[in-house]
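Trainee: The letter at position 437 of the sequence shown is residue 437 when you use full-length UniProt numbering, and the numbering goes up by one with no holes.
Backbone N, C-alpha and C define an ideal beta-carbon position, used for all residues, glycine too.
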Amino acid sequence: MFAIKGNEDVIGQKSSTAPSAMTFRESHADNTSPKSYRPLTVLTFQVNYWLGGGKPYTFHLVNCLLHLSVIHLLIYVCQRFFHLPHKSAQLVGLLFAVHPVHSEAVAGIVGRAEILAALLFLLSFIFYARNVQAEYENPECHTLQICISFILGASSMLCKETGITVLGICAVYECAIFYQRYSQLERNKISAFVRRIFKLFITIIGLLIFRMWIMVNTLPVFKEEDNPTAFAPRFITRFLTYSHLCAWNGYLLLLPIALCYDWQSSSIQLINTCSDPRNTFTVAFFLILILITIKSLQNKSDYTVLMSLAFVIIPFLPASNLFFPVGFVIAERVLYIPSIGYCILVVHGLNLLEKRFQQYSKQIWVVFLFICFVLSLKTWKQNQTWHSRESLFLSGLRAQPQNAKVHYNFANLMKDKGETDAAIYHYRKVLRSWPKHASSHNNLGILLTDKKKARYHYEKALEISPQHISALINLGALLNEEGNVEEAILLIKKAVHLSAPNAPLFLTLGNLLAQNRQMDEAQKFFEAAISMRPNYADAYNYYGSFFQQKGDIKKALEFYHKAVDQDSQHVRAMTNAARSLEHLHQYDEAEMMLLRAISVQQSPVILDQLGMLYLNRGQLNKSLNVFQQILAETHSGLNNTDIILHYAQVLAESKKMVEAKTVLLQVIKSQSSAAKFKATVLLSRMYGMQKLHKDAVDLLSNVIYTHHGSDEELTELLYERGNHQRDDEQYSEALLSYKQSLEIGKKKDGKTEFNIGTVYHLL
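Here you go:
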C-alpha cells in the first residue's frame, strides 16, 4: 500500500492527472530510473484513491473485479477464436481464476498493471481476430476494427510495457489463419493479409520508437543484486542461467508450490558449467516446447496449440532477458498474461486425452477439478501472505531463506517496528551472503550505537555505491554530530546534486548550513523546499527553526503556525511554537499549544516541556503533578535523564529537598558521565541553597576524581567547587579550584577570573 500512498502522482501532490509523456521523460532521464511509464495504471489508482479515500480494501476490490473481467474475456476468446466447447472454455476460465501464480498480481495492489494490461491485451486481440475472421466482407468496418485493436494494444502498453506483445500475438494469429486457408484464398485476400501484416509491423515499430523516446533512448541500469546473471562476466554463465530461468518460470506454471514475492539476489544460483545437473531440467523443458511447437505446425486444421504457445512465449519475451536485462530474476506477476496460453494448453490437452480415452472421460475431469480445488487452496493460502508487510516478508523467509533480498526486506520491517536487534541480525545475514549490498551497510550504520562502526558501514556503502544518497546523508549527519560540519555539508550537497529535486533533502542541507552560520545560503534551500511542496508541513517547521536560530522569534512563530495549519497533528511544530510563545512571555498560549500537542501524542518529552513551563511560571503544584504523571504512566520517562533532572529541580523548588536529593544521587550512581555531570551540578547547588557547602565540596570532589567526561564538564565542576569553597571560607582551596578550571579550560573565562579577584580581595 505504501507504493500507492507514497506515490505523489497517485495522491495528487504533483498533478491531478497521470504524468504526461514529456513530464515523465524529463523526470526519468537518469538511467538509474526504472523508466516504467504506465500512465493508465496510475490514472486508475488516482480515481481509486479519491473515490475510495485511500482505503486498501477498495484497491483490492478493484483488482478482483478486473481479474474477473479478464476471466470472462478469456472464456469468450476460447469459445469464439479457439473454438473450444463451452464446457472447456469455462474450465480454462476456472483454471486461470484459481492459479496461485496470480496471487502477486491480484492480491498485490501494484499488480494492477498486469491485470489492466491483460484486459486491454485480450480486447485488442478480440478486435483484431474478429477482423481476420470476417474475411473482408465490409472493408470500412474492418479498418475501424484494426484501428481499435491497435489503440487497445497501445493502451495495454501504457498499463504495462508487455502489453505491446499483443500485436505479436495478432501477427501469429493472422499467419495461423493464412496458413490454414492458403490454398483456398483469392489473390485480393492474400494482398489484404500482406497489408495487415505490414500495418502490424509499422505499428509495432512506431510504439517501440515511442517507448525508446520515453526512456530517452537509454535502457535502465539495475544493481547486481537485482539481476546477478546480467553481471556475470562469462557468456556461457549468462546463457545457461537465463535458459534455466525460462524453464523455472514454466515450472512455476506447472507446479506452483515454491512461490515467493521476491526472487532476487541468490534465490537461484548461477549456472557456470555445462555439467551442472540443473541443465538437464532446462534441456528437457526446451525439448518438450520444441516438440509441441513442431506438432502444432503439422496440424493445419487446428491452431489452438500454436496460439496457446504464442500466448505463453511472446508476452514472456520482454521478461526473458533475451533482448535486454531486466531488474529481476523471476517475478510471478509477469506470468499473468503468459498463463493464459498455459491454461488453454492444459484444457485443450485434456480434451485430446478425453477423445483418446473416452471410457475414462468422467475420471479425467474429476481429477482436473480436484487439481483446481487444490490450486484454489494454495491460492487462498498465498493470498494470506499479502495481508500485511510482516506476513509477506515472513513468507519470503520461509520460501527463500537463502535469498538476501528477503532478509533485507524483513530487516527493514524490524527497523520500522523498533526491533533493533532483529533488524541488525538480518542486515548482517544479508551482508554474509551479499557483502556488496550497499543499502544493508547503510541501514546497519543507522542502527548501530557505536559511532565508529556506524561510520565504517556508511563509508563501505559509499565505497560500493558512491552515489548512494541515503549513505551520503547519514554519513553527513554523523560528521555533523562529531563537529565536522563543513565536511558534512559537502556530503549533503553531493546528495542534493545526485538526486532529483527533493524537499526533505533541501531541508537537511538548509539545517546544516544554518548550523554552520551560512544563513543566506540556508534560507535559499528552505524557501526552495517550500516552493517545491507548498503543503509540506515539515518545510514550514524547519523554516521556523531557522528563524528561531537567527533570534527572530516572531517570524519563527509565524512559520510554526503555518506548519500546524498544513498538518493539524504536527507535534514537533506545536512544541516549537510553544517554546517561542514562552520566549515571548505568552504563557497561556504556550500552555494551550502544548495541551493540543499532548492530545495528539502523549509523549513524556512534551509533558516534560509542559512541566517546565509551569515551573518557570511559578506554578509548582501543576509542575509537580505533570512530572509525577510522567513517571507513573511511562517507562520511557524513567530512562530520560533530562526528565529526571527536571523532576529533581521541581522537587527542590518545592522545598522537597530529601526527595530531590534521593533522585539526584540515584542518577549520579547509575547514569552516564554526561547525566552524572548535570545531576552533580544541580545537587551541589541544592546544597548551596541549604548552606551545606562542605557536603557540596565533598560531592564535587568525588565526582571530579572519577570524572571521565569532557574537559568542558570538568572545567564547570571545578568552578562549582571553587564557588562552594569560597562560600565556606576555604579561600586557598577555592583559588586552587578556580585556577585548575582556567588551566583545563585553556581559555579566558570572565566569571572565573572575577571570582579569583574576589577571593584575593577577601584574603
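In the DSSP assignment, find the alpha helix (DSSP H) that holds Glu653 and state where it starts and stops.
Mentor: From DSSP, the alpha helix (DSSP H) with Glu653 extends over Thr641 to Glu653.
Trainee: Among Ala331, Phe281 and Gly349, whose alpha-carbon lies nearest the alpha-carbon of Thr304?
Mentor: Taking only the C-alpha atoms, the option nearest Thr304 is Gly349.
Trainee: How about Trp386 and Gly108: do their beta carbons lie closer than 9 Å?
Mentor: Contact: yes.
Trainee: If you draw a straight line from the alpha carbon of Phe370 to that of His102, how long is it in whole angstroms?
Mentor: Going by the C-alpha atoms only, they are around 19 Å apart.
Trainee: Could you tell me which of Tyr731, Cys246, Arg596 and Leu40 sits nearest to Thr282, measuring between CA atoms?
Mentor: Answer by Cα proximity: Cys246.
Trainee: Quick check on the burial criterion: 16 or more other C-beta atoms within 10 angstroms. Buried or exposed for Tyr57?
Mentor: Exposed: under 16 other Cβ atoms inside 10 Å.
Trainee: Would you kindly check if the distance between the Cβ of Arg196 and the Cβ of Asn131 is under 9 Å?
Mentor: Taking 9 Å as the Cβ cut-off, Asn131 and Arg196 qualify as a contacting pair.
Trainee: When you compare the CB positions of Leu40 and Leu158, do they come within less than 9 Å of one another, or not?
Mentor: Yes, these two residues count as a Cβ contact at 9 Å.
Trainee: Starting from Pro56, trace the alpha helix (DSSP H) both ways and give me its first and last residue.
Mentor: Pro56 to Arg80 is the span of the alpha helix (DSSP H), which, as asked, contains Pro56.
Trainee: Among His83, Gln90, Asn63 and His407, which one has its Cα closest to the Cα of Ile75?
Mentor: Ranking His83, Gln90, Asn63 and His407 by Cα distance to Ile75 puts Gln90 first.
Trainee: If we count Cβ pairs, one from each stretch, closer than 8 Å, do we get three or more for the region 285 to 297 versus the region 268 to 276?
Mentor: Segments in contact, no.
Trainee: With 16 other CB atoms within 10 Å as the buried threshold, where does Met215 fall?
Mentor: Buried, because 16 or more other Cβ atoms sit within 10 Å of the Cβ of Met215.
Trainee: Indicate, with yes or no, if the ligand HEM has a heavy atom lying under 8 Å from the CB of Glu419.
Mentor: The ligand HEM is not part of this structure, which contains no ligands at all.
Trainee: Could you spell out where the alpha helix (DSSP H) holding Phe285 opens and where it closes?
Mentor: Taken as a continuous stretch (DSSP letters only), the alpha helix (DSSP H) holding Phe285 covers Arg278 to Gln298.
Trainee: Please report the distance separating the alpha-carbon of Val42 from that of Val650.
Mentor: Spanning the two alpha carbons is a distance of roughly 57 Å.
Trainee: For His99, which option in Gln382, Phe127, Thr143 and Leu207 has the closest C-alpha, if you only look at C-alpha atoms?
Mentor: Per the Cα distances, Gln382.
Trainee: Ile146: buried (16+ other C-beta within 10 angstroms of its C-beta) or exposed?
Mentor: By the 10 Å Cβ count, Ile146 comes out buried.
Trainee: Please state the DSSP three-state secondary structure of Gly709.
Mentor: Looking at Gly709 - three-state DSSP - the assignment turns out to be coil, as it is neither helix nor strand.
Trainee: Let me check understanding here. Comparing Cα to Cα, which of Lys550, Ala232 and Gly544 lies closest to His561?
Mentor: For the residues Lys550, Ala232 and Gly544, the minimum Cα distance to His561 belongs to Gly544.
Trainee: Roughly how far, in whole angstroms, is the beta-carbon of Phe81 from the beta-carbon of Ala129, given that I think they are within contact range, below 8 Å?
Mentor: Sure, about 5 Å apart at Cβ, within 8 Å.
Trainee: Just curious, the alpha helix (DSSP H) that Gln359 is in, first and last residue?
Mentor: No alpha helix (DSSP H) holds Gln359; DSSP gives it neither H nor E.
Trainee: Along the chain, where does the alpha helix (DSSP H) containing Gly476 start, and where does it finish?
Mentor: Unbroken alpha helix (DSSP H) run through Gly476: Ile469 to Glu481.
Trainee: Count the other CB atoms within 10 Å of the CB of Asn621; is the residue buried (16 or more) or exposed (fewer)?
Mentor: Asn621 is exposed by the Cβ-count criterion.
Trainee: Smallest Cα separation from Leu306: which of Glu481, Lys555 and Tyr173?
Mentor: Residue Tyr173 is the option with its Cα nearest to Leu306.
Trainee: Compare the beta carbon distance of Ala528 and Gln566 with 9 Å and say whether it is the shorter of the two.
Mentor: Going by C-beta atoms, Ala528 is not nearer than 9 Å to Gln566.
Trainee: Roughly how far, in whole angstroms, is the beta-carbon of Tyr542 from the beta-carbon of Leu507, given that I think they are within contact range, below 8 Å?
Mentor: Correct: roughly 5 Å between the Cβ atoms.
Trainee: Do you know how far the Cα of Tyr425 is from the Cα of Leu448?
Mentor: Between Leu448 and Tyr425, the C-alpha separation is close to 11 Å.
Trainee: Taking its Cβ as the centre, do 16 or more other Cβ atoms sit within 10 Å of Cys170, making it buried, or is it exposed?
Mentor: Flag for Cys170 reads buried.
Trainee: Can you list, in chain order, the stretches of the alpha helix (DSSP H) that have 4 or more residues and sit fully within the region 199 to 278?
Mentor: If we require 4 residues or more, the alpha helix (DSSP H) runs fully inside the region 199 to 278 come out as 235 to 254.
Trainee: Closest to Phe285 by CA distance: which of Ile314, Ile257, Leu259 and Ser243 is it?
Mentor: The shortest Cα separation from Phe285 among Ile314, Ile257, Leu259 and Ser243 belongs to Ser243.
Trainee: Once DSSP output is grouped into helix, strand and coil, what is the label at Pro534?
Mentor: It is coil, neither helix nor strand.
Trainee: Using 10 angstroms around the beta-carbon of Phe465, count the other beta-carbons present and answer buried if the total reaches 16, otherwise exposed.
Mentor: Position check: residue 465 holds Ser in this sequence, whereas Phe was assumed. Ser465 comes out buried.
Trainee: Roughly how many angstroms lie between the CA atoms of Glu482 and Leu65, to the nearest whole one?
Mentor: Rounded to the nearest angstrom, the two C-alpha atoms are 56 Å apart.
Trainee: Taking the alpha-carbon positions, what's the Glu241 to Ser361 distance?
Mentor: Looking at the sequence provided, one finds Thr at residue 241 rather than Glu. Approximately 41 Å, taken between the alpha carbons.
Trainee: So, helix, strand or coil for Tyr336, using DSSP?
Mentor: Coil at Tyr336, not helix or strand.
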